[in-house]
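Engineer: For the sequence shown, the positions run 1 to 581 when the UniProt record's numbering is used.
Ideal Cβ placement from N, Cα and C applies to all residues, glycine included.
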Amino acid sequence: MYFCEIKKTVHLRFHSLPVTTSRVAFSLSLLFLSKGLGWSTVNSAYGDTIVMPCRLDVPQNLMFGKWKYENPDGSPVFIAFRSSTKKSVQYDDVPEYKDRLSLSENYTLSISNAKISDQRRFVCMLVTEDNVFEAPTIVNVFKQPSKPEIVSKAPFLETEQLKKLGDCVSKDSYPAGNLTWYRSGKLLQPLEGVVVINFKKEMDPITQLYTMTSSLEYKTTKADIQMPFTCSVTYYGPSGQKTLHSEQAVFDIYYPTEQVTIEVLPPKNAIKEGDNITLRCLGNGNPPPEEFLFYLPGQPEGIRSSNTYTLTDARRNATGEYKCSLVDEKSMIASTAITVHYLDLSLKPSGEVTKQIGDTLPVSCTISASRNATVVWMKDNIRLRSSPSFASLHYQDAGNYVCETALQEVEGLKKRESLTLIVEGKPQIKMTKKTDPSGLSKTIICHVEGFPKPAIQWTITGSGSVINQTEESPYINGRYYSKIIISPEENVTLTCTAENQLERTVNSLNVSANENREKVNDQAKLIVGIVVGLLLAALVAGVVYWLYMKKSKTASKHVNKDLGNIEENKKLEENNHKTEA
Numbered sequence: 001m002y003f004c005e006i007k008k009t010v011h012l013r014f015h016s017l018p019v020t021t022s023r024v025a026f027s028l029s030l031l032f033l034s035k036g037l038g039w040s041t042v043n044s045a046y047g048d049t050i051v052m053p054c055r056l057d058v059p060q061n062l063m064f065g066k067w068k069y070e071n072p073d074g075s076p077v078f079i080a081f082r083s084s085t086k087k088s089v090q091y092d093d094v095p096e097y098k099d100r101l102s103l104s105e106n107y108t109l110s111i112s113n114a115k116i117s118d119q120r121r122f123v124c125m126l127v128t129e130d131n132v133f134e135a136p137t138i139v140n141v142f143k144q145p146s147k148p149e150i151v152s153k154a155p156f157l158e159t160e161q162l163k164k165l166g167d168c169v170s171k172d173s174y175p176a177g178n179l180t181w182y183r184s185g186k187l188l189q190p191l192e193g194v195v196v197i198n199f200k201k202e203m204d205p206i207t208q209l210y211t212m213t214s215s216l217e218y219k220t221t222k223a224d225i226q227m228p229f230t231c232s233v234t235y236y237g238p239s240g241q242k243t244l245h246s247e248q249a250v251f252d253i254y255y256p257t258e259q260v261t262i263e264v265l266p267p268k269n270a271i272k273e274g275d276n277i278t279l280r281c282l283g284n285g286n287p288p289p290e291e292f293l294f295y296l297p298g299q300p301e302g303i304r305s306s307n308t309y310t311l312t313d314a315r316r317n318a319t320g321e322y323k324c325s326l327v328d329e330k331s332m333i334a335s336t337a338i339t340v341h342y343l344d345l346s347l348k349p350s351g352e353v354t355k356q357i358g359d360t361l362p363v364s365c366t367i368s369a370s371r372n373a374t375v376v377w378m379k380d381n382i383r384l385r386s387s388p389s390f391a392s393l394h395y396q397d398a399g400n401y402v403c404e405t406a407l408q409e410v411e412g413l414k415k416r417e418s419l420t421l422i423v424e425g426k427p428q429i430k431m432t433k434k435t436d437p438s439g440l441s442k443t444i445i446c447h448v449e450g451f452p453k454p455a456i457q458w459t460i461t462g463s464g465s466v467i468n469q470t471e472e473s474p475y476i477n478g479r480y481y482s483k484i485i486i487s488p489e490e491n492v493t494l495t496c497t498a499e500n501q502l503e504r505t506v507n508s509l510n511v512s513a514n515e516n517r518e519k520v521n522d523q524a525k526l527i528v529g530i531v532v533g534l535l536l537a538a539l540v541a542g543v544v545y546w547l548y549m550k551k552s553k554t555a556s557k558h559v560n561k562d563l564g565n566i567e568e569n570k571k572l573e574e575n576n577h578k579t580e581a
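1) Identify whether Gly-185 lies in helix, strand or coil by the three-state DSSP scheme.
2) Helix or strand or just coil, what does DSSP make of Pro-95?
3) What would DSSP say about Ile-429, mapped onto helix, strand or coil?
4) Just confirm the distance between the C-beta atoms of Val-233 and Gly-177, as a whole number of angstroms; I'd bet it's less than 8 Å.
5) Work out the CA separation of Thr-339 and Asn-269 for me, nearest whole Å.
6) My output table needs one value for Ala-270: the three-state DSSP class, helix, strand or coil.
7) Assuming Asp-252 and Phe-142 make a contact with CB atoms under 8 Å, what is their CB distance in whole Å?
8) Run through DSSP, which three-state label would Met-549 get?
9) On the CB-based measure, 16 or more other CB atoms within 10 Å of its CB, does Leu-30 come out buried or exposed?
10) Which whole runs of the beta strand (DSSP E) in the segment 279 to 323 are 3 residues long or more, in chain order?
11) Going along the chain, which residues of its own chain have a beta-carbon closer than 8 Å to the beta-carbon of Ser-331, five neighbours each way excluded?
12) Have a look at Gln-119 and Ser-102 and give me their C-alpha separation to the nearest angstrom.
13) Whole-angstrom Cβ separation of Ser-246 and Glu-149, contact assumed at under 8 Å?
14) Which of helix, strand or coil does DSSP assign to Gln-408?
15) So does the segment 191 to 205 actually touch the segment 222 to 232, counting three or more Cβ pairs closer than 8 Å?
16) Do the CB positions of Thr-497 and Ile-460 come within less than 9 Å of each other?
17) Is Lys-384 buried or exposed, if buried means 16 or more other CB atoms sit within 10 Å of its CB?
18) May I have the straight-line CA-CA distance separating Tyr-210 from Pro-145, to the nearest angstrom?
19) Quick check on Val-543: does DSSP put it in helix, strand or coil?
20) Could you have a look at Gln-161 and say whether DSSP puts it in helix, strand or coil?
21) Can you tell me which of Leu-296, Leu-421, Ser-370 puts its alpha carbon nearest to the alpha carbon of Phe-390?
22) Hey, would you say the C-beta of Lys-147 is under 8 Å away from at least one heavy atom of the ligand MN?
23) So is Trp-546 buried or exposed if we call it buried at 16+ other beta carbons inside 10 Å?
24) When you compare only the Cα positions, how much space is there between Trp-67 and Ser-40?
25) Sort Leu-279, Lys-115, Tyr-481 by Cα distance to Gly-47 and report the nearest one.
26) Between Glu-290, Ile-271, Leu-293, Val-264, which has its C-alpha nearest Ser-280's C-alpha?
27) For the beta strand (DSSP E) holding Met-125, just list the boundary residues, first then last.
28) Exposed or buried, what is residue 583 when buried is set at 16 or more other beta-carbons lying within 10 Å of its beta-carbon?
29) Buried or exposed, going by whether 16 or more other CB atoms sit within 10 Å of the CB of Arg-82?
30) When DSSP builds the beta bridges, which residues end up paired with Ser-368?
31) Alpha carbon to alpha carbon, what distance is there between Lys-186 and Gln-241?
32) Would you mind working out which of Gly-425, Tyr-69, Ala-406, Arg-479 sits nearest Gln-501, comparing C-alpha positions?
33) Just the Cα atoms here: how many angstroms apart are Lys-92 and Asp-57?
34) Bridge partners of Met-212, per DSSP?
35) Following the continuous beta strand (DSSP E) through His-447, name the residue where it begins and the one where it ends.
36) Looking at the strands, I want to know which residues DSSP matches up with Trp-458.
Take a look at the structure:
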């Protein structure tokens, strides 16, 4: 039974432990086999409690049990004793195990705070009066290393150059772990001139723990841009093999410029005269080039500058091809064509122009531009359908004319010129007459045309009442009128005088009173006739009434004769009463 366990244990240790540990276990196993004894293995984590069962059946006549460990030279060191009769436990004076041992009733030995030095061969001994039974146990102590960390990282890597990328460090391991490098999750294998890995380990003489360091030299390419590099440590623990991974590290990859490009600010299709043009040259290398040569149209020699070059207040003669190249490699060049847009406008005539009515005025608005431009005419802020043409000037032609042009594709490129046209003319007068339907008044209108605005003055020759002489119309397009309303008693003459800075013009109109008088006489006659008729009717009515009353009095004399005394008596009585009153 023990022989089978020995084979199994030796076989497993060979495949799971590092080379050094396997060799120790193998040597110990040979030692045990040479004695013909079975042995077991206890794996413990660093700092934990090591528990070692005795693995022996307790005999009936047991006197005591003991534990010992063996030095590399085979000499024993006793560490614990337990009597079967007194049930007492004694621990030997071994400094490294002071206050760390515990021996149970079934002779199981426990060692607290496991250390690397505890990795040795322990033996449980049960002693009777006539025999000694032994059961060896091999203790292995494992320490998990710290999480690997990439240190001494290169600030950048350069393509086509073998350069140290960094060191992968993992500390406090037992046994020593193995470090490996990965690029984007794929294992990096050593390759001459491309991947060079140097591994070393150091043991702390006090703790006997290992620090592992793996240095990576790497020849990078542009494919490594933004690629993560990691390293990992593979180690053995009580439960077998495990792996810890480092944080990712991404390196700045330097590579030479392979292409040069040139940019124009503002955008090329929007450059106009007066703008500042900024040329920017870019190289696709990392880091990008800091200096370039700029070539202006017609200039074979380049101007050395940073990655930008500015032309101020560009003119139309700046139109042409612009280039830039690397300073140290002039064959790597880029070019672009620039058009400086311009717009010229010439209005003839322009400014303030004074002309006489009826004159001819040719007007032209000439455009010169880097591309087709739109032209718009405005008069007094109202858009005209076509350009103005003056074969014979009228007063309504006067106004403020604006010729405006623009390049639609180029923001801010607009031009405009204005013409203020003044049309002058001597005063022209036309007089009209209108009779009121009643015939009692007449309206005389003086129509005046001229510029500057003529002043109108009225004069009347003859007698007649002037009802209104201040009414005037608005002055529009060089025309307005003034009117008066009169009621002439006789023939009169009305004179309208119009005067401006150019001339004084007079016009008269005779107004007859006949028509008015006839109408007045007819009305008077009608009134007189009506009055006479009314008087005659009243006279006739009076005569009729008198005759009627006279006839009535004659007929009533006989009737009233007898009543006379009575009436007289009544009157006397009334008179008497009045007298008394």
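Structural biologist: If we stick to the structure as given:
1) coil
2) Under the three-state reduction of DSSP output, Pro-95 falls in the helix class.
3) strand
4) Yes, they are in contact, since the Cβ atoms of Val-233 and Gly-177 sit about 4 Å apart, within 8 Å.
5) 7 Å
6) Looking at Ala-270 - three-state DSSP - the assignment turns out to be helix.
7) So it is not a contact: roughly 39 Å between Cβ atoms.
8) helix
9) Reliability of the predicted coordinates at Leu-30 is poor, the pLDDT of 33 falling under 50, and the value obtained from them is presented with this limitation in mind. Exposed: under 16 other Cβ atoms inside 10 Å.
10) 292 to 295, 303 to 305, 308 to 311
11) Ser-325
12) 17 Å
13) 6 Å
14) coil
15) No: the two stretches stay apart, fewer than three of their Cβ pairs being nearer than 8 Å.
16) no
17) The sequence shown places Leu at residue 384, rather than the Lys named in the question. When all chains shown are included, Leu-384 counts as exposed.
18) Each residue's CA atom was taken as its position, placing Tyr-210 and Pro-145 some 8 Å apart.
19) helix
20) coil
21) Leu-421
22) With respect to the ligand MN, the structure offers nothing, as it holds no ligand at all.
23) exposed
24) 15 Å
25) Lys-115
26) Looking at the sequence provided, one finds Arg at residue 280 rather than Ser. Considering only alpha carbons, the answer is Val-264.
27) 121 to 127
28) Beyond the ends of the chain as shown, which are 1 and 581, falls residue 583; an answer cannot be given.
29) It counts as buried.
30) Asp-344
31) 20 Å
32) Gly-425
33) For the record, residue 92 in the displayed sequence is Asp; it is not Lys. Whole-angstrom Cα-Cα distance: 24 Å.
34) Ser-170, Lys-201
35) 442 to 451
36) Cys-496
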